[in-house]
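Next comes the structure, spelled out in structure tokens:
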């Protein structure tokens, strides 16, 4: 056991000391956040707040009307421009406008104001343009009311008669489900990335030992199984270190923003949201389960990757084609996870979170919906127990393949051949 | 005896890699394990180092049944397929390998420093393995193999890739180890090295032992009664009752093969009686290389796969 510990130490230290580990630890959350916020940003881009210059040559509009409209409707920002209309038209982008509207000097208040164009240098979504259209119509209404002598009192009476319609879902549980889905996706994808990234690291590590021809030197000092186990445990510790560093980052960032950014509206809004999220889920349970399923899933898959690494020769393509079935299992789990999140108590969710090959990802996506509400204790215990049995089996199976493969050169491996190695006597 | 093998067998699906081999290795000796490619040497060595379990047979190590888990700490094995972690620093790597052999960190460190000094490797400590030439790596591997003072050192082709100077350095260290009480099993194809270094040899071919004895014994066993005689004047006749001339050299030196029933003294008498003066007289013993080629020749050079029924 002492020797396995030496292996674990080496595998851990050589990886953690590498610059790539430090860079990846810092960059990955940033990229991950960029992905999440980026897609959120893109989704909200459809209703972008346009900044539009109103170049009025007719003299029908005025500054007061436009700014009044701005204060009542903030879906876009309009700015009234009279004097140097031509130069604004030419330089609207550098002046900070998204576009401009020209009201021709031929416009008459009692005639229609048709075919006004919003000139922009990009194509904006329909809803953004409609927002500007509505606002312009509001101003145009005001212009006409003024001309007709409809004062504010009369106008207020007209406005009062407006009917407000808002939607309300009687089975309202949106807030909670959204948070749970979010956390579920986050956990599932994190495990998915870690399994694939670190699983292939195990495979590469084993291949390195084989192609460097150090394997035989090593197995004359320790059992092949110890060598394999040491590598897997060492690399799993690297993954776990990375995970806890991320948690630490989040904790630090959260506390720093809380103490410094309290006055800023946006940040305090975000903090409120984060607090709401943290309040609605069981953080310690999720962290515990995450660590458990991360390690369990990692042992389950990385021993298979180790077996593949031991069987192949120097050829990367051999490794890729042999590892494809294993990688497919991981990817398939992600597909199941999507189903499980949309229906966390359904049949697919249940079975996929019990069967060991998909349980690390799928169960981790279900847990944020609530234990024992959505996931009863017995399901969690069964899933965990089966995962432990599962990885004990794959480690045993892989160990048998590994022992033969690591010393076998020049033979083109196949899964059939490898299974033969696993089940033959000593 | 440090090591005794009794009827070891290891069959693979397609061949009998080791088929009933027995021999023993004396403590403190330098033992040569010889054989053509694919003869089963590596499989045999892997069983002795506990990497493989024999299908049947027994290994006695240091008087007791071989226990791979415990006894590998007393064995140093330098396999033919050997390598090092390329990205690791040399000192760190040597320490790591030494600790895996059961040495404490401080001890290992001290012993490594001694060895590095002895083999003029001190400046390597903080370099990476990828910066070393193949020969330098070989030297490092030798050090890591013998650092933990194993009772049994197994070296598979230890000189491949070494220049003559470094070969001699390693050769001297091998002799030193034997003098210090370690036993060395030495596996190679290079017969001139075997003749120079080994006390005892075993030749295996096709998974079976075909020769076993000291270098002297083996040479005696395969001698062809050839003698070299230097004379002041070479006789004209080629055959007589006592011997047959099988070769003549320009400086009046004959190579004679003594016929059965006669001895070297009869040859000397013959020439003395003929009145010629004898400048030199010595026996020609076969080289191990000749014996090896003789014994192995006639068997296919590349081992054929066979069906194993057992």
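Protein chains in written order, with my numbering: chain A, 302 to 727; chain B, 83 to 392.
Positions of the beta carbon are idealized from the N, C-alpha and C atoms, including for glycine.
Given the structure is predicted, the values throughout are model-derived calculations rather than measurements.
- In this structure, residue 456 (chain A) places its C-beta atom within 8 Å of the C-beta atom of residue 446 (chain A).
- At least one CB of chain A lies nearer than 8 Å to the CB of residue 161 (chain B).
- Taking 8 Å as the cut-off, the Cβ atoms of residue 489 (chain A) and residue 638 (chain A) count as close.
- With respect to the C-alpha of residue 537 (chain A), the residue from A:496, A:712, A:709 having the closest C-alpha is A:496.
- Residue contact check for residue 304 (chain A) against chain B: a CB pair falls below 8 Å.
- A residue is called buried when at least 16 other Cβ atoms come within 10 angstroms of its Cβ; residue 710 (chain A) does not meet this threshold and is exposed.
- Put simply, of B:311, B:295, B:310 the residue whose alpha carbon is nearest the alpha carbon of residue 304 (chain B) is B:295.
- For residue 357 (chain A), the enclosing beta strand (DSSP E) has its first and last residue at 351 to 357.
- Just so you know, the alpha carbons of residue 387 (chain A) and residue 368 (chain A) end up roughly 22 Å apart.
- DSSP lists B:310 as the bridge partner or partners of residue 364 (chain B).
- Note that the C-beta distance between residue 360 (chain B) and residue 307 (chain B) is not below 8 Å.
- For the 8 Å CB-CB criterion, residue 427 (chain A) and residue 353 (chain A) do not form a contact.
- Residue pairing by DSSP places residue 192 (chain B) in no beta bridge whatsoever.
- Under the three-state reduction of DSSP output, residue 175 (chain B) falls in the helix class.
- Cβ proximity to chain B below 7 Å picks out 513, 514, 515, 517, 518, 520, 521, 522, 523 from the stretch 499 to 532 of chain A.
- Across the stretch 651 to 678 of chain A, no CB contact with chain B closer than 7 Å is found for any residue.
- As a beta-bridge residue in DSSP terms, residue 283 (chain B) pairs with B:114, B:295.
- Check the Cα spacing between residue 157 (chain B) and each of B:362, B:323, B:214, B:127: the tightest is with B:127.
- If you keep only unbroken alpha helix (DSSP H) runs of at least 4 residues inside the stretch 246 to 285 of chain B, you get 246 to 261, 273 to 279.
- Taking the beta carbon of residue 94 (chain B) as reference, no residue of chain A falls within 9 Å; the closest one sits roughly 10 Å away.
- DSSP places residue 355 (chain B) in the helix class (H, G or I) of the three-state scheme.
- For residue 378 (chain A), the pairing in a beta bridge is given by DSSP as A:352.
- When DSSP states are grouped into helix, strand and coil, residue 143 (chain B) belongs to the strand group.
- Distance from residue 101 (chain B) to residue 132 (chain B) at the Cβ level is roughly 20 Å; contact not present, criterion being Cβ atoms closer than 8 Å.
- The stretch 91 to 98 of chain B and the stretch 698 to 718 of chain A do not touch, with fewer than 3 CB-CB distances between them shorter than 8 Å.
- Per DSSP, residue 425 (chain A) is not a residue of any alpha helix (DSSP H), being assigned neither H nor E.
- In the structure shown, the three-state DSSP call for residue 128 (chain B) is helix.
- When secondary structure is reduced to three states using DSSP, residue 449 (chain A) falls in the helix class.
- In this structure the stretch 107 to 119 of chain B lies against the stretch 282 to 294 of chain B, because at least three pairs of beta carbons, one per stretch, are closer than 8 Å.
- The continuous stretches of beta strand (DSSP E) do not include residue 223 (chain B), which lies in the alpha helix (DSSP H) extending over residues 216 to 228.
- Neighbourhood of residue 625 (chain A) in chain B, by CB distance below 8 Å: empty, with the nearest CB roughly 27 Å away.
- At a beta-carbon threshold of 7 Å, the residues of chain B lying near residue 311 (chain A) are 178, ordered along the chain.
- Under the three-pair Cβ rule at 8 Å, the stretch 309 to 317 of chain B counts as touching the stretch 348 to 355 of chain B.
- At a cut-off of 8 Å between beta-carbon atoms, residue 315 (chain A) makes contact with chain B.
- In this structure, the alpha-carbon of residue 372 (chain A) lies about 23 Å from that of residue 450 (chain A).
- For residue 681 (chain A), not one C-beta of chain B is nearer than 8 Å to its own C-beta.
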